[in-house]
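J.:
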Amino acid sequence: MKIGIGTAVVTPFDRNGEVNERSLANHIDNLISRGVESITVLGTTGEASTLSAHERYRVIAVAKEIIANRATLIVGVGTNDTAKSLEYIAAAEKEGADCLLAITPYYNKCNNNGAIAHFGALAKATALPILLYNVPSRTGYSLPIEVIRSLLAFPNIIGIKEAEATVNRLNSLGIIVTEQTDSSTDYSDCSNHKVHVLMSEIDNQSETMSHSKGNTDGNTGKEHDLCIKNRVHGRKLHLICGEDCAYLPFLAYGANGIISVVANVAPELIVALRTAYVTNPERAIFLNTLVTRLSELLFCEVNPIPVKFALNLLGADVGLPRLPLAELSHSLRDRFEAQLFEIMREIQSNVVASKRTGILRDN
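Letter by letter, the sequence shown follows residues 1 to 363 in our numbering.
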């Protein structure tokens, strides 16, 4: 499974406010054709919190069909209700997700033991790989490094999408990325992991939630034993950048992917930055300034308001956000449009060069 250059995809709506499946399919197909390697649906950018269960199913199904094994399908399943997240996991599995993205619980913020129990219950409910998602600006809770270390005891918790781009945070995560697991360590009783304290609690919660959903097959998830007896030597944390303007420093700290909002609009720019990081550091710094400028524009109001406005200007027809989100403020629109096309022309000349990729509309 490759995350690589990933896009946090918007959910298009039509004039009646319904999910525009054709526009969603066209947008995903366009992104893949322009170098995107993973597609994330039902995240913050996808306005998942305002979608019904049926709409969620359809978004996943449309994405799976149009991707057609050309990219990795990542599905957001995180909520502040563990039982609800378990329902979302079951639906994502049914529709063919390749990987799950789980945000830290928000509003009813948990303590560290609660975070371990929550993510542990999710991990034990599925064999699919799970990415933790840390975005304290949205949730009011930053997942502590020691909790991340503990959660890596679950074999299918493979990494973290990190949106807290501070030097201290990246230093700590970079250490985990480069660590090698000591193959001589005995994990049979989880004695070296704080998570064993919550083992019984997680099992009981998982069993209760299974029964509450009418699951009578007797499977409480014990096949995903928290105490990993066959942990793979050298297993590393997958560090995924969740802050576009910080992608370059994330690469320096060992990140092996990004889930990008900017890539909705200019995936070639993100691809080019990754390439330049390896081949031409000076060019990478220049491209990072373009990423930063575009990112700042696309976050001039709360995401995904600006990126939807930008995509509509560029001809993608993704519609308006759903309430409580409203369209971009009138006072910003003229300046936004001018800056957007100025940046896109620079991307066209410096990244895409003479290729015709459909980035710019015909004026």
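Each residue gets a CB set at the ideal place from its N, CA and C atoms; glycine is no exception.
Which two residues bound the contiguous alpha helix (DSSP H) that contains E342?
T.: Numbered from 1 along the sequence shown, position 342 holds the residue referred to as residue 342. Residues H330 to I347.
J.: Classify L315 as buried or exposed, calling it buried when 16 or more other Cβ atoms lie within 10 Å of its own Cβ.
T.: Position 315 of the sequence shown, counting from 1, holds the residue named residue 315. Before going on, a small fix: residue 315 reads as Gly here, not Leu. Label assigned to G315: exposed.
J.: Is the segment 318-338 touching the segment 43-50 in the sense that three or more CB pairs, one from each, lie closer than 8 Å?
T.: Touching, yes.
J.: Can you tell me which of E164, G35 and N16 puts its alpha carbon nearest to the alpha carbon of T275?
T.: Numbered from its first residue, the sequence shown carries residue 275 at position 275. Nearest of E164, G35 and N16 to T275, Cα basis: G35.
J.: List, from N- to C-terminal side, the alpha helix (DSSP H) runs of 4 residues or more that fit wholly inside the segment 103-132.
T.: 112-124
J.: Pop quiz: P306 and L328 are said to be a contact at Cβ under 8 Å. What is the actual Cβ separation, rounded to whole angstroms?
T.: Reading the sequence shown from its first residue, position 306 is the one you call residue 306. Reading the sequence shown from its first residue, position 328 is the one you call residue 328. Between L328 and P306 the Cβ distance is about 6 Å, and since that is below 8 Å, they are a contact.
J.: Is it buried or exposed, M344, if we count other Cβ atoms within 10 angstroms and call 16 or more buried?
T.: By 1-based counting over the sequence shown, the position of residue 344 is 344. So M344 ends up on the buried side.
J.: Nearest by alpha-carbon distance to T11: which of G76, S150 and I160 is it?
T.: Reading the sequence shown from its first residue, position 11 is the one you call residue 11. Nearest option by C-alpha distance: G76.
J.: Give the secondary structure of F286 by DSSP, where H, G and I count as helix, E and B as strand, and everything else as coil.
T.: Taking the sequence shown and counting its residues from 1, the one referred to as residue 286 is at position 286. DSSP places F286 in helix when its eight states are reduced to three.
J.: Look at the Cβ atom of L290, then the Cβ atom of E346, and state whether they are nearer than 8 Å.
T.: Taking the sequence shown and counting its residues from 1, the one referred to as residue 290 is at position 290. Taking the sequence shown and counting its residues from 1, the one referred to as residue 346 is at position 346. In this structure, E346 lies closer than 8 Å to L290 by Cβ.
J.: Is the beta carbon of I160 closer than 8 Å to that of I60?
T.: In the sequence shown, residue 60 corresponds to position 60, counting from 1. In the sequence shown, residue 160 corresponds to position 160, counting from 1. In this structure, I160 does not lie closer than 8 Å to I60 by Cβ.
J.: Tell me whether I158 sits in a helix, a strand or coil according to DSSP, three-state version.
T.: One-based indexing of the sequence shown puts residue 158 at position 158. The answer is strand: DSSP assigns I158 an E or B state.
J.: Taking Cβ to Cβ, would you say L128 is nearer than 8 Å to N134?
T.: As a first step, residue 128 is located in the sequence shown; it is residue number 128 there, counting from the start. As a first step, residue 134 is located in the sequence shown; it is residue number 134 there, counting from the start. No. Outside cutoff.
J.: In this structure, how does DSSP classify L442 when only helix, strand and coil are distinguished?
T.: The chain is shown only over 1 to 363; residue 442 falls outside these bounds and no answer can be derived.
J.: Taking C-alpha atoms, which residue in F119, F341 and L273 lies nearest to L298?
T.: The residue given as residue 298 occupies position 298 in the sequence shown. Among F119, F341 and L273, the Cα nearest to that of L298 is on F341.
J.: Could you tell me which of H238, S38 and A53 sits nearest to N85, measuring between CA atoms?
T.: Your numbering for residue 85 matches position 85 in the sequence shown. The sequence given here places Ser at residue 85; Asn does not occur at that position. For the residues H238, S38 and A53, the minimum Cα distance to S85 belongs to A53.
J.: What's the C-alpha gap between T82 and N111?
T.: Translated into the one-based positions of the sequence shown, residue 82 becomes position 82. Translated into the one-based positions of the sequence shown, residue 111 becomes position 111. Cα to Cα, the separation comes out at about 14 Å.
J.: Between R56 and A91, is the Cβ-Cβ spacing less than 8 Å?
T.: As a working mapping, residue 56 is identified with position 56 in the sequence shown. As a working mapping, residue 91 is identified with position 91 in the sequence shown. In this structure, A91 lies closer than 8 Å to R56 by Cβ.
J.: Starting from the C-beta of G96, find all residues in its chain whose C-beta is less than 6 Å away, skip the five residues before and the five after it, and write them out in chain order.
T.: Here residue 96 refers to the residue found at position 96 when the sequence shown is read from its first residue. Cβ neighbours of G96 beyond the five flanking positions: K64.
J.: Start and end of the beta strand (DSSP E) containing S6?
T.: What you label residue 6 is simply residue 6 of the sequence shown in a count that begins at 1. A quick correction: the sequence has Gly, not Ser, at residue 6. It spans G4 to A8 - the beta strand (DSSP E) in which G6 sits, taken as one unbroken run.
J.: Is any heavy atom of the ligand SAM found at a distance shorter than 7 Å from the C-beta of V262?
T.: Judged by which ligands are present, the structure shown has none, so any question about the ligand SAM falls away.
J.: Spell out the partners DSSP gives V75 in its beta bridges.
T.: Translated into the one-based positions of the sequence shown, residue 75 becomes position 75. Note: V75 sits in a beta bridge opposite V41 and L100.
J.: Buried or exposed: where does E37 fall if 16 or more other Cβ atoms within 10 Å of its Cβ makes it buried?
T.: Translated into the one-based positions of the sequence shown, residue 37 becomes position 37. The residue in question, E37, is buried, as its Cβ has 16 or more Cβ neighbours within 10 Å.
J.: Hey, would you say I116 sits closer than 8 Å to S172, going by beta carbons?
T.: Position 116 of the sequence shown, counted from the first residue, corresponds to residue 116. Position 172 of the sequence shown, counted from the first residue, corresponds to residue 172. No; because the gap between Cβ atoms is not below 8 Å, this pair is not in contact.
J.: Excluding sequence positions up to five away, which residues of its chain have a Cβ less than 6 Å from the Cβ of I157?
T.: By 1-based counting over the sequence shown, the position of residue 157 is 157. Closer than 6 Å at the Cβ level, and outside the excluded window around I157, lie A123, I130 and L151.
J.: In angstroms, rounded to a whole number, what distance separates the CA positions of S331 and T166?
T.: Here residue 331 refers to the residue found at position 331 when the sequence shown is read from its first residue. Here residue 166 refers to the residue found at position 166 when the sequence shown is read from its first residue. S331 and T166 have their C-alpha atoms some 32 Å from each other.
J.: Let me know the secondary structure DSSP gives F299 once reduced to three states.
T.: In the sequence shown, counting from the first residue as 1, residue 299 sits at position 299. DSSP places F299 in coil when its eight states are reduced to three.
J.: Rounded to a whole number of angstroms, what is the C-alpha to C-alpha distance between T178 and R22?
T.: Along the sequence shown, read from residue 1 onward, the residue named residue 178 stands at position 178. Along the sequence shown, read from residue 1 onward, the residue named residue 22 stands at position 22. Cα to Cα, T178 sits roughly 42 Å from R22.
J.: Only counting the same chain, and skipping five residues up and downstream in sequence, which positions put a Cβ closer than 8 Å to that of I67?
T.: As a position in the sequence shown, residue 67 is number 67, starting the count at 1. The residues are I28, I32, I39 and L73.
J.: Below 8 Å on the Cβ atoms is my guess for L101 versus G43; work out the distance and round it to an integer in Å.
T.: The sequence position of residue 101 within the sequence shown is 101, counting from 1. The sequence position of residue 43 within the sequence shown is 43, counting from 1. The pair is a contact, with the Cβ atoms about 6 Å apart (cut-off 8 Å).
J.: Taking N69 and N108 to be in contact with their CB atoms under 8 Å, please state how far apart those CB atoms are, rounded to whole angstroms.
T.: What you label residue 69 is simply residue 69 of the sequence shown in a count that begins at 1. What you label residue 108 is simply residue 108 of the sequence shown in a count that begins at 1. Not confirmed; about 38 Å, so no contact.
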